[in-house]
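Residue numbers (the UniProt record's numbering): 1 to 663. Glycine included, C-beta positions come from ideal geometry on N, C-alpha and C. Model, not experiment: these values are computed from the prediction.
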Amino acid sequence: VAIGPDVTMESLIPVIQKLQDVFQMAGLGKAPVDLPQLVVVGSQSAGKSSVLEKIVGRDFLPRGNTIVTRRPLVLQLINTNIHKLGGAEKKEWGEFLHRKGERMYSFDKIKREIVLETDRVSGSNCGVSSDPINLKIYSPRVLDLTLVDLPGITKVPVGDQPQDIEARIRTMAIHYISNPNSIIVAVSPANADMANSESLKLAREIDPDGHRTLGILTKIDLMDKGTNAWDMLNGKVIKLKHGYVGMVNRSQADIDRGKTVKQAISDETKFFRSHQAYRSISHKLGTNFLTMRLNNILVQHIKKVLPSMSTKISQQLQEKEHKLARLGVPVPPDDKGGVMLQILLKYSKAFADSIDGKLTNLTNNDLCGGSRISDIFHNLFARSLHRIQPFDDLSDHQIRTAILNATATKPSLFVTEDSFQLLVKRQIARLKTPSVQCSELVYDELRRIAAQCESLTPDLVRFPELKQRLSECTLDLIRTKLEPTKEMISNLINIELSYIKTTHPNFISSSKAMALAKSQAQAQGSSSRQKDLLATMSETFSTITMSGDDKLPDVPPVLRSQDISNYDKGMSETRIIKTLIQSYFNIVQKIIKDSVPKAVMHFLVHGCRNSIQGELVKRLYKADMFEDLMSEEPHMRKERDELVKVISVLRKAMKVLKVVQDI
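Next comes the structure, spelled out in structure tokens:
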């Protein structure tokens, strides 16, 4: 809402008054936004009622020796001359919001209605309530103004009032003055110590710097002889941004003698003009100045906060409409099957789109859906495979032992293929664990996608039983697809183990392996271990010969390959086998790296993606299940009703604010 320079109190205050009516009539409990308003606080005997009656110019408030104002009174003053109310410019009347459209021309009747309405809600024995009474007073003698008169702060419970009556009233007052758009009107008797003023202490608690507080000093005429309120009025005792206004109230004796409000205002003016301490500032004291001051403060405050308030109402309207859209309209009994089918189709499509990378309503920066599955294949699984080396847990000694065990009693001219197959199969089998883990990671990701798709199907929130059953069906489907996937992966490994294809075009030939082993041996030369072994063998042979005993020594209980093998030949054979193992293992590793993701995609990912819709419809779309699965929780229906009410109120508020925008 853009407020132009020509917008005045004639348009601003009525706008806020209309908003107050809209919010109060809606019965929301709390207004959607904090409205600018003047909140009057003070102790029970501070003279609040007298101040309000002088502002109105009429006796209209109940009076008594105990607490009288027991509910907040939202008092809206409307000048009939300014607003040209169809020939009623010279008349005065009141209208209560709870009796909308009924004009009360008798102010005694207004007073009685306040008592009756207070007793209706708060009881007749001095109980209090935070539920406000809204009263409009139309008069040619008032300025447009809105005030909230709160129950006076009392220390001692009376009648059937609860023992915590003071705390209750303070809580109510704090609720109203905590509104950052409110102006606190703190009423204090001038003939009491300001340091003990209940209204100022309360105001300073919420507004410690006094930026939105106006002080009213009542009973100035009753101050001790020789004292005056000059220092208090000029902010030298407690400073407030909006300053202080002094007042002279009617006493109960004045009221009993029939002194009218009009006479009281006249006497007040004479008092300030004639009093030595106040005559120089008399134009800033009294009822007339207070009314204009309150009007000016309220208008300026409204101008200040109205744009942000309008923005907040607009934002809340959009937010509530979005929430209502998510809740959806109530489902007719004969359409529950159709609505359920649409939900199942939406969920299935979201699941498939997430896998295919077609989701467009994701705003986070993390990988999701199909991209995470791809990351599992090309990063996690690939790295896991590459970490498995051809000779992990396979030493040269173990290789040599396998060669000798394969040759047994037969001396060999060449490396046996049996030892190669035995060893390479052992290493290939190590690829199974990371391959199975790959399928389990994708399984977890599909479960994650399923949960994500629930949030991407807003209608599921409305039907908790359907959401629960849909989730169970989806997880069951994913689980059933995992087992054949694992079985296929095991088969892929077993296929490689069942047939070692030494004719594979990428497999190194035996001649090349032998040539490579020979070149490695020549590069390394004879080792010291070789020399030591030859020396040991020579010594043993000499010992046997010198003894002249043809009997061979006993065979050791444990015979190791290095103790009986020809060293050069053993090293050469080991190198050849290692070359063959590395060549073939690398071939199989690449095959597994390529085939496992394909198996996972076919059996698990596409298996779920292609069958989820049919599975959900098959298991859930049954006429005898519609009633249970499509039942909303009671709080959902209640929330929808409340949203409809709030949206209606906010739309009315926007319509009211448009008046200011069009000026």
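Top-ranked residue by Cα proximity to residue i, from the options
i: Glu627; options: Phe107, Glu117 and Glu465; result: Glu465
i: Pro36; options: Met104, Gln76 and Asp131; result: Gln76
i: Lys304; options: Arg326, His386 and Arg212; result: Arg212
i: residue 686; options: Tyr347, Asn296, Met247 and Asp193; result: Since the first residue of the chain shown is 1 and the last is 663, residue 686 is not available in this structure.
i: residue 665; options: Leu306, Gly246 and Thr69; result: The first residue shown for the chain is 1 and the last is 663, placing residue 665 beyond what the model contains.
i: Lys155; options: Ser43, Ala173, Gly127 and Met194; result: Ser43
i: Ile355; options: Ala450, Val339 and Gln342; result: Ala450
i: Phe289; options: Ser384, Glu268 and Arg383; result: Glu268
i: Val436; options: Phe391, Asp353, Val596 and Lys425; result: Val596
i: Leu145; options: Val74, Ile153, Ile165 and Ala173; result: Val74
i: Arg273; options: Ala264, Gln263, Lys262 and Gly286; result: Gly286
i: Tyr105; options: Phe60, Leu143, Arg120 and Leu116; result: Phe60
i: Pro634; options: Ser498, Arg462, Met488 and Ala599; result: Arg462
i: Val424; options: Lys239, Arg640 and Leu580; result: Leu580
i: Ala653; options: Thr227, Ala195, Gln316 and Lys241; result: Gln316
i: His378; options: Lys598, Val142 and Ile153; result: Lys598
i: Asp209; options: Asp21, Ile238, Asp392 and Ile165; result: Ile238
i: Asn134; options: Ala167, Phe96 and Gly152; result: Phe96
i: Val185; options: Leu143, Asp594, Arg120 and Val41; result: Val41
Residues that DSSP places opposite residue i in a beta bridge
i: Ile216; result: Val187 and Val245
i: Trp93; result: Tyr138
i: Met104; result: Gly94
i: Asn79; result: Ser139
i: Gly42; result: Val187
i: Asp149; result: Val40 and Leu73
i: Ile133; result: Leu73
i: Ser182; result: Gln37
Length of the line joining the Cα atoms of residue i and residue j
i: Lys622; j: Lys336; result: 11 Å
i: Arg103; j: Glu454; result: 56 Å
i: Ser50; j: Asn249; result: 6 Å
i: Leu441; j: Ile376; result: 7 Å
i: Gln17; j: Val656; result: 10 Å
i: Asn79; j: Thr218; result: 26 Å
i: His301; j: Arg326; result: 37 Å
i: Ile177; j: Ile169; result: 12 Å
i: Leu147; j: Ile13; result: 11 Å
i: His602; j: Ile592; result: 15 Å
i: residue 672; j: Gly94; result: It is not possible to answer for residue 672, since the shown part of the chain is limited to 1 through 663.
i: Pro333; j: Ser631; result: 10 Å
i: Asn234; j: Gly243; result: 7 Å
i: Leu650; j: His98; result: 21 Å
i: Pro132; j: Arg71; result: 6 Å
i: Asn494; j: Leu422; result: 14 Å
i: Lys100; j: Leu19; result: 15 Å
i: Asp231; j: Ala277; result: 10 Å
i: Tyr507; j: Leu604; result: The sequence as given places Phe at residue 507; Tyr does not occur at that position. Their Cα atoms are separated by approximately 32 Å.
i: Tyr138; j: Lys54; result: 15 Å
i: Ile428; j: Leu492; result: 11 Å
i: Lys645; j: Pro458; result: 22 Å
i: His606; j: Arg469; result: 22 Å
i: Lys111; j: Asp34; result: 29 Å
i: Leu222; j: Asn191; result: 6 Å
i: Ala173; j: Arg257; result: 34 Å
i: Ile647; j: Val187; result: 38 Å
i: Thr433; j: Arg640; result: 52 Å
i: Lys658; j: Arg204; result: 36 Å
i: His283; j: Gly226; result: 22 Å
i: Gln530; j: Thr574; result: Because the pLDDT at Gln530 is just 48, under 50, the model does not fix this residue reliably, and the value given afterwards should be weighed accordingly. Gln530 and Thr574: Cα-Cα distance of roughly 15 Å.
i: Leu497; j: Tyr584; result: 12 Å
i: Leu116; j: Val331; result: 44 Å
i: Ala382; j: Glu615; result: 33 Å
The ligand NAP heavy atom lying under 7 Å from the CB of residue i
i: Asn491; result: Among the ligands in the structure shown, none appear at all, so the ligand NAP cannot be discussed.
Using 8 Å as the cut-off, can you tell me whether the segment 298-312 makes contact with the segment 250-258, which would need three or more C-beta pairs spanning the two stretches below that distance? no
Would you mind listing the alpha helix (DSSP H) stretches within the segment 272-303 that are 4+ residues and don't spill past its ends, in chain order? none
Do the segment 371-391 and the segment 434-451 meet, that is, are 3 or more Cβ pairs less than 8 Å apart? yes
If contact is defined by three or more beta carbon pairs under 8 Å, each pair taking one atom from either stretch, is the segment 603-614 in contact with the segment 496-506? no
Please list the segments of the alpha helix (DSSP H) lying wholly inside the UniProt domain "GED" (574-663), counting only runs of 4 or more residues, in order along the chain. 606-620, 626-629 and 634-662
Ordered list of alpha helix (DSSP H) runs contained in the segment 301-385, each at least 4 residues: 336-356 and 370-375
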